[in-house]
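The structure appears below as structure tokens.
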Amino acid sequence: MGFRATLEKLNIKLNGVREVMKKRNAKIIAAVSAIAILLASTVAVVSASTSGVVYIDGKAVCKVDSKSEFNRALAILEKLHVENNVSDRTDKKITCTFTLSSVKKVSADDCAELLYKECLSDYVRAYCISLKGIEIGFCATYSEAEQVVEHFREHIINSVLDKDDTAEFVELTTDFVISSKICRFDRVTEPEKLCRTMLNVDDHDETLDGGDASNRVTAGGAHEFLYADKNFAFGMLKNEAEVELPKYDFSFNLGELNSSIEYKTIVNETYSEIIPFETITVETDTLQIGQTKIDVEGESGIAENVYQIAYVDGVEVSRTLVSSKVITEPTACVKLVGTNKLPTATPTGSFMWPVQEWFVITSEFGVNRNGLDEEGKYHQALDIATDRGTPIYAADGGVVTFAAEYDTYGLLIKITHESGVETRYAHLDRIDVKVGDKVYKGQQIGTMGITGRVTGPHLHFEIRINGKPVNPRTYLPTKMPWK
Ligand SMILES: [Zn+2]
19 MGFRATLEKL
29 NIKLNGVREV
39 MKKRNAKIIA
49 AVSAIAILLA
59 STVAVVSAST
69 SGVVYIDGKA
79 VCKVDSKSEF
89 NRALAILEKL
99 HVENNVSDRT
109 DKKITCTFTL
119 SSVKKVSADD
129 CAELLYKECL
139 SDYVRAYCIS
149 LKGIEIGFCA
159 TYSEAEQVVE
169 HFREHIINSV
179 LDKDDTAEFV
189 ELTTDFVISS
199 KICRFDRVTE
209 PEKLCRTMLN
219 VDDHDETLDG
229 GDASNRVTAG
239 GAHEFLYADK
249 NFAFGMLKNE
259 AEVELPKYDF
269 SFNLGELNSS
279 IEYKTIVNET
289 YSEIIPFETI
299 TVETDTLQIG
309 QTKIDVEGES
319 GIAENVYQIA
329 YVDGVEVSRT
339 LVSSKVITEP
349 TACVKLVGTN
359 KLPTATPTGS
369 FMWPVQEWFV
379 ITSEFGVNRN
389 GLDEEGKYHQ
399 ALDIATDRGT
409 PIYAADGGVV
419 TFAAEYDTYG
429 LLIKITHESG
439 VETRYAHLDR
449 IDVKVGDKVY
459 KGQQIGTMGI
469 TGRVTGPHLH
479 FEIRINGKPV
489 NPRTYLPTKM
499 PWK
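In the numbering used here, the protein residues as written are 19 to 501.
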């Protein structure tokens, strides 16, 4: 409805303008030029405000191109600190504000150099006391630092000794290091004050720089916050607000210091310990080679031993014997070792009586009293009689060629001594050897018995040469063994 009417009105107005414009053509061109100049200068003002003016404690140092350049300068500044072994970072406020300023615009590198020079007025070279990399404090001279360390070391040792009655002495295993470093001038402390802080004697709130407690962070923490947290710096810069960096603080973590101290506690301890007995070897010919016998049983003794034992965190790390007192002497064990050589099976060429105990000869070689022997022939042996079970010995060394029951012989052993010579032992009660055994002269081979065709216990003993029985009496000693 009113749309068409409005258009018509606008058209009339535009026509009017056109007419005016024709008349004022020249003037308008001049005005447009002026606006263009004005616009251009406005652009120049805007670009000037995006440059960051870098201040240190309110003093404009230089100008940088952008926020990222400022952050780069801070990173380079940190690098300079590290390269120059500067322990601390400046406490001066480094800020960047986007405003107009006549200071010179520089690169990030030059900006960092300028900031570092400004920071240097804060720094001095001093002696840093550290433990496992934790900076504890700075002293003006080396000897002052030594005094502090000595005092603190003594304190640790004494406090351990106080707590532990058994401890003889305490030895620090991680120790303090004193090194020359650049630090902030106000961090250099009087030795007495540093000692008090280390020993936590003063009120905990009192720190080395006496800084604002609400702003307190540990040294490492402050540093990270100051330079590494770029996001934090960016966030502030986005609002073009003044970047206020957190105040640096020197207080170290007392708990961290205490937990970094490692020491050994040396304790004297007494133990009752066993003294092992020694074994004495005594040679004897009552035993054969290879045979042993315990003559006297050994008995352990008891000693009271004092040890110097080092502990780290309750764990024993070393032990040294200091003294030893014998309470009970040990008794040595006496071990007998046989030296007697075993007789060899080699025949000696002579015979011994196969029975060594008292006996009677019940039947001689040849025809016996009854005309015939047990086998119905003339008697080819000597019958040696005594108790059943009496040991029977080999008459000479040789090899067993037969050991079993054999017909009227009963239990029989045959021993070959050398080519053609043989002995036989019959009517045995028991056989102690087997075929192939090498026996020595005098070795027991069995016991007297009543096996085979017999009327009472006796040994039927034969000597055969080339298979022919011979009279044993001819070969045996005339002297009876028991005489
Ligand atoms: Zn006989």
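In this text, a Cβ means the ideal position worked out from N, Cα and C, and glycines have one as well.
| Check | Outcome |
| --- | --- |
| Three-pair Cβ contact test at 8 angstroms for the segment 365 to 385 versus the segment 396 to 416 | yes |
| For ligand 3, residues whose Cβ lies under 5 angstroms from any non-hydrogen atom | Ligands present in the displayed structure are limited to ligand 1, and ligand 3 is not among them. |
| Residues sharing a beta bridge with Val-206, DSSP | Phe-156 |
| Simplified DSSP state of Gly-415, which is helix, strand or coil | coil |
| Opening and closing residue of the alpha helix (DSSP H) in which Tyr-493 lies | 490 to 493 |
| Same chain only: Cβ atoms within 7 angstroms of Leu-98, ignoring 5 sequence neighbours per side | Ala-130, Tyr-134 |
| Assigned exposure category for Asp-140 - 16 Cβ within 10 Å defines buried | buried |
| Complete runs of the beta strand (DSSP E) confined to the segment 146 to 190 [at least 3 residues] | 152 to 157, 185 to 190 |
| Phe-479: first and last residue of the uninterrupted beta strand (DSSP E) it sits in | 477 to 483 |
| DSSP three-state assignment for Gly-467, whether helix, strand or coil | strand |
| Status (buried if at least 16 other CB within 10 Å, exposed otherwise) for Pro-294 | exposed |
| Of the listed residues Thr-441, Ala-421, Gln-374, nearest to Lys-497 (C-alpha basis) | Gln-374 |
| Per-residue DSSP class, three states only, for Ser-336 | strand |
| In DSSP terms, what Ser-198 is bridged to | Tyr-145 |
| Cβ shell of Tyr-145 (< 8 angstroms), same chain only, five flanking positions each side left out | Phe-156, Cys-157, Ala-158, Thr-159, Tyr-160, Glu-162, Ala-163, Ile-196, Ser-197, Ser-198, Lys-199 |
| Pair within 9 angstroms by beta-carbon distance, Gly-416 and Ala-350 | no |
| Anticipated Cβ contact below 8 angstroms, Lys-310 with Val-355, distance rounded | The amino acid at residue 310 is misidentified as Lys; the sequence shows Thr. About 5 angstroms; that satisfies the 8 angstroms criterion. |
| Buried or exposed (CB count within 10 angstroms, at least 16 for buried), Trp-500 | exposed |
| Cα-Cα separation, Thr-215 to Gly-76 | 33 angstroms |
| N-terminal and C-terminal residue of the beta strand (DSSP E) that Arg-442 is part of | 439 to 449 |
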